[in-house]
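Peer 1: One structure, as structure tokens, below. Some questions next.
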Amino acid sequence: MISQIIVWTVAVPLAFGILLGILTGMFGETRSRLALLLPLAAMVLLLLIEGWPGFPPVAAKQKLPFVLLGLTCLFGVVAARLPQPTRLQALTVMLLASLAPALWLGSRVLGANPAKAVMVGVLVLYICGHAVLFAGRPARSGHKAASPVIAALFTLIATAVVSVTGGYIGMAQGAGALAAMTGGWLLVRYIAFLRGDDEALLPRPPALFAWLALVALAIDVTALFSPKASPSGLLLAVLPLGLVPILQSRGALLDRLPRPLRPLAAGALLGLPAFAAILVSVLGFIA
0 MISQIIVWTV
10 AVPLAFGILL
20 GILTGMFGET
30 RSRLALLLPL
40 AAMVLLLLIE
50 GWPGFPPVAA
60 KQKLPFVLLG
70 LTCLFGVVAA
80 RLPQPTRLQA
90 LTVMLLASLA
100 PALWLGSRVL
110 GANPAKAVMV
120 GVLVLYICGH
130 AVLFAGRPAR
140 SGHKAASPVI
150 AALFTLIATA
160 VVSVTGGYIG
170 MAQGAGALAA
180 MTGGWLLVRY
190 IAFLRGDDEA
200 LLPRPPALFA
210 WLALVALAID
220 VTALFSPKAS
230 PSGLLLAVLP
240 LGLVPILQSR
250 GALLDRLPRP
260 LRPLAAGALL
270 GLPAFAAILV
280 SVLGFIA
């Protein structure tokens with residue numbers, strides 16, 4: 000049982016991420032295609048972990064693959080039509096990509112539980128706000144080691160822990176698989192960064208928005224369906240994204256470090272809120 004969990008939640012997603020990282024290097028100026036492949040890879044991983052869903056889907060668990068299929072179609076269009084979206088376009092895309100799934104998956108929960116409705120609303124607006132900010136903030140030389148994808152990695156790890164301590168093992172596996180896939184991509188792109196590709200850790204806006212949509216899906220589902228998920232743990236879990244603009248505005252601090260250490264130092268700082276989220280959720284679970 001444990002070996003199967005490790006294979007399907009860690010090893011296979013990690014291999015997917017490594018493949019996506021290699022393909023990103025091959026795309027060149029058309030790296031926006033990663034936006035299409037990310038939710039598609041997530042859908043395949045979910046099917047491998049959970050099996051084929053029933054049709055028509057009734058439970059939220061059955062709806063998730065169809066949500067990811069919808070995100071694949073959405074970001075396929077975005078990659079083709081909006082390679083450099085404006086802030087308004089970014090807001091529109093992210094609201095559709097994050098709010099619509101939450102409403103379809105959890106309409107009954109949202110209607111019956113105002114506290115969860117507020118939590119999901121806050122999380123959606125927070126992630127959409129950062130999509131708008133990243134769309135209007137081109138990276139300069141000192142900013143390129145502080146990647147939002149590094150923040151997404153830590154948010155997904157923290158979400159997996161909050162989910163498992165909150166009593167929702169299924170989403171813990173899902174968020175863990177997404178984290179492993181993200182880690183595989185970052186591993187390959189880190190090697191490219193060491194070899195002199197300054198843009199290696201920075202996906203194009205459509206791909207970044209696809210990553211944020213997957214993060215939003217994982218954390219919203221956790222907030223909706225975890226019986227005892229820690230609200231403070233959920234809020235802390237998304238804070239790494241909020242630290243990215245701060246690190247980017249202090250890019251000169253990272254530039255003082257040797258090149259191999261810049262992404263690692265950025266990761267150490269971005270991971271602090273995620274570690275706090277894990278600590279809060281675990282302590283709450285023990286208590």
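Note that numbering that gives the first Met the number 0 gives residue 207 to position 208 of the sequence shown, counting from 1, and the numbers run on in steps of one. All C-beta atoms, glycine included, are put in the ideal place defined by N, C-alpha and C. The structure presented is a predicted model; accordingly, all values stated were derived computationally and were not measured.
Beta-carbon separation of residue 263 and residue 242 under 8 Å?
Peer 2: Within the sequence shown, residue 263 is the residue found at index 264, counting from 1. Within the sequence shown, residue 242 is the residue found at index 243, counting from 1. No, these two residues do not count as a Cβ contact at 8 Å.
Peer 1: Do you know how far the Cα of residue 67 is from the Cα of residue 211?
Peer 2: Walking along the sequence shown from the start, residue 211 turns up at place 212. Walking along the sequence shown from the start, residue 67 turns up at place 68. Spanning the two alpha carbons is a distance of roughly 13 Å.
Peer 1: Whole angstroms is fine: what's the gap from residue 204's alpha carbon to residue 79's?
Peer 2: In the sequence shown, the residue the question calls residue 204 occupies position 205. In the sequence shown, the residue the question calls residue 79 occupies position 80. Taking the straight line from one Cα to the other gives about 12 Å.
Peer 1: So, are the CB atoms of residue 178 and residue 155 less than 8 Å apart?
Peer 2: Residue mapping note: residue 178 aligns to position 179 of the sequence shown, counting from 1. Residue mapping note: residue 155 aligns to position 156 of the sequence shown, counting from 1. Yes.
Peer 1: Measuring alpha carbon to alpha carbon, tell me which of 157, 259 and 208 ends up nearest residue 32.
Peer 2: Along the sequence shown, one-based indexing puts residue 32 at 33. Comparing Cα-Cα distances from residue 32 to each of 157, 259 and 208, the minimum goes to 208.
Peer 1: Tell me which residues share the same chain as residue 131 and place their Cβ nearer than 7 Å to its Cβ, disregarding the 5 neighbours each side in the sequence.
Peer 2: Position 132 of the sequence shown holds residue 131. Taken in chain order, the residues that qualify are 86, 89 and 90.
Peer 1: Please report the distance separating the alpha-carbon of residue 279 from that of residue 75.
Peer 2: Taking the sequence shown and counting its residues from 1, one reaches residue 279 at position 280. Taking the sequence shown and counting its residues from 1, one reaches residue 75 at position 76. In a straight line, the C-alpha of residue 279 is about 38 Å away from that of residue 75.
Peer 1: DSSP on residue 111, reduced to helix/strand/coil?
Peer 2: Along the sequence shown, read from residue 1 onward, the residue named residue 111 stands at position 112. In the structure shown, residue 111 sits in a helix (DSSP, three-state: H, G or I).
Peer 1: What span of residues does the alpha helix (DSSP H) with residue 210 cover, start to end?
Peer 2: Walking along the sequence shown from the start, residue 210 turns up at place 211. 204-224 is the extent of the alpha helix (DSSP H) around residue 210.
Peer 1: Compare the C-alpha of residue 36 against each of 16, 51, 102 and 47 and name the closest.
Peer 2: Translated into the one-based positions of the sequence shown, residue 36 becomes position 37. It is 16.
Peer 1: Grouping DSSP H, G and I as helix and E and B as strand, with all else coil, what is residue 52?
Peer 2: In the sequence shown, residue 52 corresponds to position 53, counting from 1. Coil.
Peer 1: With distances taken from CA atoms, which of 21, 3 and 4 is nearest residue 182?
Peer 2: Counted from its first residue, the sequence shown places residue 182 at position 183. The candidate whose alpha carbon is nearest that of residue 182 is 21.
Peer 1: Alpha carbon to alpha carbon, how far is residue 56 from residue 93? Give it in angstroms, no decimals.
Peer 2: Counting from 1 along the sequence shown, the entry for residue 93 is found at position 94. Counting from 1 along the sequence shown, the entry for residue 56 is found at position 57. Taking the straight line joining both Cα atoms gives about 24 Å.
Peer 1: Helix, strand or coil: how does DSSP classify residue 257 here?
Peer 2: Stepping through the sequence shown from its first residue, residue 257 is reached at position 258. Coil.
Peer 1: Expressed to the nearest angstrom, what Euclidean distance is found between the alpha-carbon atoms of residue 102 and residue 8?
Peer 2: As a first step, residue 102 must be located in the sequence shown, where it is residue number 103. As a first step, residue 8 must be located in the sequence shown, where it is residue number 9. Spanning the two alpha carbons is a distance of roughly 27 Å.
Peer 1: Cutting at 6 Å between CB atoms, please list the residues of its own chain near residue 139, excluding the five before and the five after it.
Peer 2: Numbered from 1 along the sequence shown, position 140 holds the residue referred to as residue 139. Caution applies to residue 139, whose pLDDT of 49 falls short of 50 and renders its modelled position unreliable; the model cannot decide the point.
Peer 1: Are the beta-carbon atoms belonging to residue 162 and residue 225 less than 8 Å from one another?
Peer 2: For the purposes of this step, residue 162 is taken as residue 163 along the sequence shown, with counting starting at 1. For the purposes of this step, residue 225 is taken as residue 226 along the sequence shown, with counting starting at 1. Yes, these two residues count as a Cβ contact at 8 Å.
Peer 1: How should residue 251 be labelled, buried or exposed, when 16 other C-beta atoms within 10 angstroms of its C-beta is the threshold for buried?
Peer 2: By one-based count along the sequence shown, residue 251 stands at place 252. Residue 251 should be labelled exposed.
Peer 1: Within the same chain, show all residues whose beta-carbon is closer than 6 Å to that of residue 218, passing over the 5 residues directly before and after it, in chain order.
Peer 2: Counting from 1 along the sequence shown, the entry for residue 218 is found at position 219. Answer for residue 218: 122 and 158, listed in chain order.
Peer 1: With residue 193 and residue 259 assumed to form a contact (beta carbons below 8 Å), what rounded beta-carbon distance in angstroms separates them?
Peer 2: As a working mapping, residue 193 is identified with position 194 in the sequence shown. As a working mapping, residue 259 is identified with position 260 in the sequence shown. Between residue 259 and residue 193 the Cβ distance is about 6 Å, and since that is below 8 Å, they are a contact.
Peer 1: Can you find the residues in the same chain that come closer than 8 Å, C-beta to C-beta, to residue 2, ignoring five residues on each side of it along the sequence?
Peer 2: Reading the sequence shown from its first residue, position 3 is the one you call residue 2. Excluding positions up to five away in sequence, the list is empty.
Peer 1: Figure out for me which residue from 221, 244 and 246 has the closest Cα to the Cα of residue 234.
Peer 2: The residue given as residue 234 occupies position 235 in the sequence shown. Here the closest residue by C-alpha is 221.
Peer 1: Mapping DSSP to helix, strand and coil, what is residue 81?
Peer 2: Here residue 81 corresponds to residue number 82 of the sequence shown, with the count starting at 1. Residue 81 falls in the coil class under three-state DSSP.
Peer 1: Compare the C-alpha of residue 23 against each of 171, 109, 127 and 198 and name the closest.
Peer 2: Within the sequence shown, residue 23 is the residue found at index 24, counting from 1. Comparing Cα positions, the closest option is 198.
Peer 1: Given this structure, state the Cα-to-Cα distance separating residue 134 from residue 165, to the nearest angstrom.
Peer 2: Against the sequence shown, residue 134 aligns to sequence position 135. Against the sequence shown, residue 165 aligns to sequence position 166. Roughly 33 Å between the two C-alpha positions.
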